[in-house]
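Student: Here it is, the structure, as structure tokens.
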Amino acid sequence: MYYVIARVLQACLVMLCVALVGFIVFQYVGDPVLALVGQETSIEDRAALRESLGLNDPILVQYLRFVADALRGDLGISYSFNRDVADMIAERLPATVELVLLSGVLGLVLAIPAGIYTGIHRKGGWAQAIMALSVIGVSIPSFLLGILMILVFSVWLNWLPSFGRGDVAGVFGFRSSLFTLDGLSHALMPAAVLCLFQLGVILRLVRAEMLEVLRTDFIRFAWARGLPAQVVYLQHALKNTLVPVVTAIGLQLSSLFAFSIITERVFQWPGMGSLLLHAIGQSDIPLLAAYLIFVGLVFTVANLVVDALYVMIDPRIRHGKV
Amino acid sequence: MIRNRVLTATAGIAVVAAMASAASAETLRMASQGDATSLDPHSHNESFTNYFLANIYEGLVARDRNFEIAGQLAENWEQVDPTTWRFDLRDGVTFHDGSAFASDDVIFSINRARAESSNFKHVLASVESVTAIDEMTVEIRTTAPNPILLNDLLDLMILDKQWAEANGAEEPINLQAEEKAYSATNANGTGPYSVTSRAQGERTVLAANPDYWGEMGNITEVVFTPINNASTLVSALLSQEVDLVMPLPLQDIPRVESADGVKVVSSPEARTMYIGMDQWRDQIIESPVEGNPFLDLRVRQAFAHAISAEAIIDRVMQGQATLSTQYVMDKVNGYNPNLTRLPYDPQKAKTLLTQAGYPDGFELTMDCSTDRYVNDGQICQATVSLLAQVGIKVNLIAQPKAQFFPKVVAPDFGTSFFLLSWTPSTMDSLNVFQNVLGTRDLDNGKGSWNISGCSVPEADALTAEAATTMDPAARERLLQDAMALMVENVCLVPLHVQQLVWGAAEKVELVQHPTFEFPLEYYNVN
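Going down the list, the sequences are from chains A and B. The numbering used here puts the first residue of the first sequence at 1, with every later residue one more than the last. The numbering used here puts the first residue of the second sequence at 1, with every later residue one more than the last.
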């Protein structure tokens with residue numbers, strides 16, 4: 001219990017720091033007032049607006065005001081949209097979450113079996129081919145891959161739509177494009193692009209861990225006991241590769257949020273990433289601050305969950321023996 | 001959707017017997033790199049937002065198909081005396097929610113746009129008062145004779161007073177408000193299209209207004225999607241998922257031209273690109289040179305001779321621009337057809353620099369945006385190499401617009417050499433003189449974009465006279481003379497007028513205006 005409370009406090013501290021760094025950086029993202037007013041607006045009007053938005057206050061004052069408001073649940077009003085920031089994030093969040101989830105699941109479903117396979121059949125032709133493909137996944141920049149896929153599947157073959165989120169349907173009150181065929185056809189390419197990098201990383205990690213574990217004594221003993229191959233591979237070997245793999249998955253899943261900015265931009269996916277890029281272009285400080293806080297939250301929660309999972313997977317951690 | 005279309009089409013066939021020219025129901029799917037920032041027509045005075053909303057809301061006057069000013073919600077008007085204009089409002093117009101349009105809506109809307117928090121108040125600075133003569137007549141009084149009041153009213157959209165008051169939208173913008181502005185996400189205009197659904201940054205659907213008072217094309221539904229990434233935008237057009245994209249990146253023109261079923265549509269935009277030179281500091285900034293070379297007319301002429309606008313148009317703009325001889329394009333009031341641009345002549349430039357005391361040239365810094373105008377970064381790079389040929393060493397600071405504008409605009413004007421451009425929103429060069437070319441007088445709101453700080457008092461006198469001259473011919477002459485003086489003094493180096501370049505499906509018939517307006521009532525899908 002003490003452990004969990006300590007971790008939650010730690011997480012809060014991390015988010016406060018993220019916001020502080022954010023506010024320092026905001027001084028250099030440009031002048032939000034210029035993005036707000038028309039070209040003919042007079043200098044006095046611009047100055048008055050700057051004053052009324054509190055942009056003349058010291059950074060620390062602006063930061064503390066933001067934290068105080070955020071604690072009351074008020075994230076402020078977006079300068080460029082003139083709308084409640086919390087509303088805008090709530091509007092965009094489902095799109096990003098469904099994209100991240102789909103690509104996360106896609107990545108795991110492909111990466112773990114492929115990793116096990118290449119770990120066992122290290123010299124096989126298929127394993128070599130999978131490894132070669134995974135290098136491409138790790139090394140091609142995702143925006144380039146996205147543009148290429150659009151060219152092939154949308155422009156040349158006309159199979160998949162090139163942009164947008166498609167139809168949305170509600171199941172149990174959660175509205176998502178994953179529940180409609182049209183929505184899925186829109187989500188497929190961006191999710192594939194987004195998962196490719198993590199697929200490569202996790203595949204290689206699982207393979208390396210498998211190779212490592214398969215060399216250990218207890219696996220030799222398992223073979224000596226005459227256990228069938230699938231029990232040795234899946235129950236003995238795989239279980240012991242999972243601790244580092246779960247860490248990697250947790251971090252990867254939260255970095256999917258970060259990577260989704262580029263993917264959302266290429267596929268015009270109406271999620272938080274596109275919102276962030278707009279906010280940067282318009283120097284929309286309330287929106288930027290809220291986004292940072294939110295991503296900070298995702299990262300810290302993901303880390304907390306990973307820590308909790310460790311304890312479940314590896315009993316030695318629970319008993320303080322490692 | 002398809003079923004809907006079939007139904008309407010069937011209904012259409014039935015009507016054909018009675019009406020010779022029954023239009024069929026068509027959907028236009030359009031995409032642009034940006035979205036309207038708000039649905040409130042008075043909140044952001046930003047051109048894309050204004051022109052998007054001009055399909056939903058209407059003004060007293062508007063540009064017609066031929067870009068002439070014509071009555072929209074005002075049927076006709078007369079000038080009672082030099083400072084009083086009387087507008088007869090159009091009868092039988094209703095807002096999308098069904099309520100009738102009348103003079104109280106006009107008075108409410110103009111006053112709303114003049115409110116302290118509005119970005120349109122400077123556009124309406126000349127308006128002293130608006131009063132209703134009767135239910136369908138309004139009178140606008142100006143503080144002084146204003147020959148271009150109609151131009152000033154072009155972007156001023158009319159809202160329904162009752163609707164705005166009922167929804168707490170009396171003020172256009174309020175960033176401190178606890179409640180989000182209703183009018184930012186909802187619309188109720190009199191225009192040819194009404195908003196069916198809106199997800200900002202994602203998708204906006206417009207439906208033809210069945211009760212529209214005017215004529216309109218055959219488009220009954222408009223699906224608008226912003227697509228920020230240029231290559232995705234082009235792909236969406238090529239895969240025929242959208243029918244119209246704006247703007248089309250210059251490098252993709254050959255791709256679209258060679259593809260089937262799509263076309264490139266382009267025409268000159270009212271935006272003039274120019275290079276500015278510091279003419280107000282005694283010592284230019286970010287340069288090792290002593291003093292300010294630009295105070296010498298010969299140095300400014302040398303720069304104009306050295307920077308080949310033709311080469312920039314040909315190479316950087318791939319021919320999608322027209323040469324500028326002055327600081328406005330030819331469709332703007334006050335354009336002077338007799339002016340010529342100093343020709344590209346590096347030898348002459350060197351001679352002039354030598355005469356001015358810089359035989360070996362000098363070194364300076366150039367500020368440039370990279371994401372604001374068509375190929376702006378590349379224009380600056382070309383300028384740097386052209387100037388290098390006459391011995392001028394330029395250190396280029398190419399930066400995103402979010403960093404560029406705060407650096408170069410008022411109050412700091414933190415640059416001595418820069419690339420910039422201007423679109424006169426009124427399509428009248430007085431707007432350019434007041435903001436960009438006229439002597440800086442910040443206390444009176446003049447010259448706040450005169451970043452180069454040039455000053456030609458004779459031209460100021462001419463434009464001041466033009467501001468209150470009601471005779472169009474005399475006024476035009478004054479503005480032309482003032483423009484000639486500015487060009488003679490090389491206040492700025494004019495470069496080019498960029499083209500509006502859009503991509504469209506073959507079947508789309510559209511109208512392009514130099515201001516970037518897209519009046520969908522004139523559009524058709526064949």
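In this text, a Cβ means the ideal position worked out from N, Cα and C, and glycines have one as well.
1. Please report how far the alpha carbon of I284(B) lies from the alpha carbon of N450(B), in whole angstroms.
2. In the DSSP assignment, find the unbroken alpha helix (DSSP H) run with P254(B) in it and report its ends.
3. Going along chain B in order, which residues have a C-beta closer than 7 Å to the C-beta of H186(A)?
4. S32(B) versus chain A: which residues are under 7 Å apart at the beta carbon?
5. Please name the residue or residues paired with F87(B) in a DSSP beta bridge.
6. Does the stretch 199-211 of chain A come close enough to the stretch 133-145 of chain A to have 3 or more Cβ pairs within less than 8 Å?
7. So, does the CB of E202(B) fall closer than 8 Å to a CB anywhere in chain A?
8. Between the stretch 160-169 of chain A and the stretch 64-73 of chain A, are three or more C-beta pairs nearer than 8 Å?
9. If the cut is a Cβ gap below 8 Å, which residues of chain B does L34(A) touch?
10. Could you check the C-alpha separation between V193(A) and R300(B) for me, to the nearest Å?
11. Name the chain A residues that come within less than 8 Å of T225(B), Cβ to Cβ?
12. Quick one: is S448(B) near chain A, going by C-beta distance under 8 Å?
13. In its own chain, which residues sit with a C-beta less than 8 Å from the C-beta of T137(B), not counting the 5 before and 5 after it?
14. Provide the residue(s) that pair with G170(A) in DSSP beta bridges, ordered along the chain.
15. Just the C-alpha distance for M149(A) and W159(A), rounded to the nearest angstrom, thanks.
16. Relative to the alpha-carbon of W280(B), which residue among L437(B), S194(B), D260(B) and L387(B) has its alpha-carbon at the smallest distance?
17. Here's a check: name, in chain order, each residue in its chain whose Cβ is nearer than 8 Å to the Cβ of L49(A), leaving out the five neighbours to either side.
18. When the Cβ atoms of the stretch 387-400 of chain B are set against those of the stretch 322-338 of chain B, are three or more pairs found closer than 8 Å?
19. Using a cut-off of 8 Å between C-beta atoms, extract the partners of V155(A) located in chain B.
20. Is DSSP giving G124(A) helix, strand or coil here?
21. Quick check on E178(B): does DSSP put it in helix, strand or coil?
22. Would you say T185(B) lies against chain A (beta-carbon separation less than 8 Å)?
23. Strictly below 7 Å CB to CB, what residues from chain A border H122(B)?
24. Can you tell me where the alpha helix (DSSP H) holding F95(B) begins and where it ends?
25. Quick test of your reading: L214(A) and A237(A), contact by CB under 8 Å. State the CB separation rounded to the nearest angstrom.
26. Looking at A546(B): is its Cβ nearer than 8 Å to the Cβ of T225(B)?
27. Which of the three DSSP states, helix, strand or coil, is assigned to G276(B)?
28. Using only the alpha-carbon positions, how far apart do E257(B) and D243(B) sit?
29. Y3(A): buried (16+ other C-beta within 10 angstroms of its C-beta) or exposed?
30. Between S260(A) and chain B, is there a C-beta pair that is closer than 8 Å?
31. Around the Cβ of K121(B), are there at least 16 other Cβ atoms within 10 angstroms (buried) or fewer (exposed)?
32. According to DSSP, simplified to helix, strand and coil, what is K350(B)?
33. Note down, one range per segment and in chain order, each alpha helix (DSSP H) of at least 4 residues found wholly within the stretch 101-156 of chain A.
34. Assuming contact is defined by CB atoms lying nearer than 8 Å, are V408(B) and D360(B) in contact in what I supplied?
35. Return the residue from the list L149(B), G168(B) and F362(B) that minimises the CA-CA distance to S126(B).
36. Kindly indicate if chain A contains any beta-carbon less than 8 Å away from that of N76(B).
Tutor: Quick look at the numbers:
1. 16 Å
2. It spans I253 to S258 - the alpha helix (DSSP H) in which P254(B) sits, taken as one unbroken run.
3. Contact of H186(A) with chain B by beta-carbon distance below 7 Å is absent, the smallest such distance being about 11 Å.
4. Chain A residues near S32(B): none, gap ~11 Å exceeds 7 Å.
5. Answer by DSSP bridge pairing, in chain order: W77(B) and V138(B).
6. Segment contact: the stretch 199-211 of chain A against the stretch 133-145 of chain A, three or more CB-CB distances shorter than 8 Å; contact assigned.
7. For E202(B), the closest Cβ of chain A is nearer than 8 Å.
8. no
9. F405, P406 and V409
10. 52 Å
11. Chain A residues near T225(B): F163, G164 and Q268.
12. Contacts with chain A at 8 Å (Cβ-Cβ) include S448(B).
13. R86, F87, D88, L89 and S103
14. R175(A)
15. 11 Å
16. L437(B)
17. V33, L36 and V37
18. The stretch 387-400 of chain B makes no contact with the stretch 322-338 of chain B: fewer than 3 CB pairs, one atom from each, lie closer than 8 Å.
19. S235, L238 and S239
20. coil
21. Note that E178(B) has pLDDT 49, beneath the 50 cutoff, so the model's placement of it is unreliable and the number below is only indicative. In this structure, E178(B) counts as coil in the three-state DSSP scheme.
22. Chain A contact via Cβ: present.
23. In chain order: E40, T41 and S42.
24. First-last for F95(B): undefined, no H or E at that position.
25. Right, the Cβ-Cβ distance comes to about 6 Å (below 8 Å), so this counts as a contact.
26. Since the first and last residues shown for chain B are 1 and 526, residue 546(B) lies out of range.
27. Looking at G276(B) - three-state DSSP - the assignment turns out to be strand.
28. 15 Å
29. By the 10 Å Cβ count, Y3(A) comes out exposed.
30. no
31. buried
32. helix
33. Those alpha helix (DSSP H) runs which fall completely within the stretch 101-156 of chain A and span 4+ residues are 125-139 and 142-149.
34. It is not a contact, given that the beta carbons lie outside the stated cut-off.
35. Of L149(B), G168(B) and F362(B), the residue nearest in Cα terms is L149(B).
36. no
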